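Notes follow the structure.
Residue numbers (the UniProt record's numbering): 1 to 109.
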């Protein structure tokens, strides 16, 4: 909220915007870039934690599939699973990166 210029808040109030109108027209466009960057970072950490968490004590998921491929000596499947995890992580990061890049062009209404 400190990122929002107080002049914009005063301007919105002087033009008759209520609290919800100010939030929608001034605050959200001003902080949307930061929100999406935070989501992108959180997704990266969650993805790093999720696969090892699935590795232990579960009976399904990508981590379990890696453990199972290792136990059965299916190294081709193991390599494919590692590549799949990397591709999914890259796709999710790219999606949020593009969304954050597009958010820069959203004008304050």
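The C-beta atom is built at its ideal place from N, Cα and C for all residues, glycine as well.
Just so we're clear, the structure is a prediction, and the values are computed from it rather than from any experiment.
Boundaries of the alpha helix (DSSP H) in which residue i is found, first to last residue
i, result
"residue 125", "This structure cannot speak to residue 125, because the chain is shown only from 1 to 109."
"residue 72", "Looking at the DSSP string, residue 72 is not in any alpha helix (DSSP H), and its letter there is neither H nor E."
"residue 51", "28-55"
"residue 21", "19-22"
"residue 7", "6-14"
Same chain, Cβ closer than 8 Å to residue i, five either side skipped, listed in chain order
i, result
"residue 93", "40, 43 and 44"
"residue 15", "none"
Burial state of residue i, where buried means 16 or more other Cβ atoms lie within 10 Å
i, result
"residue 81", "buried"
"residue 36", "buried"
"residue 51", "buried"
Proximity winner among the options, relative to residue i (alpha-carbon distances)
i, options, result
"residue 84", "60, 95 and 66", "66"
"residue 22", "8, 89 and 99", "8"
"residue 90", "59, 102, 47 and 24", "47"
"residue 3", "16, 29 and 58", "29"
Cβ distance (whole Å) where residue i is taken to contact residue j below 8 Å
i, j, result
"residue 70", "residue 78", "6 Å"
"residue 31", "residue 12", "Not really, about 14 Å apart at Cβ, beyond 8 Å."
"residue 64", "residue 75", "In fact, because the Cβ distance is near 17 Å, the residues do not count as touching under 8 Å."
7 Å Cβ shell around residue i - same chain, five flanking residues per side excluded
i, result
"residue 97", "40"
"residue 33", "100, 103 and 104"
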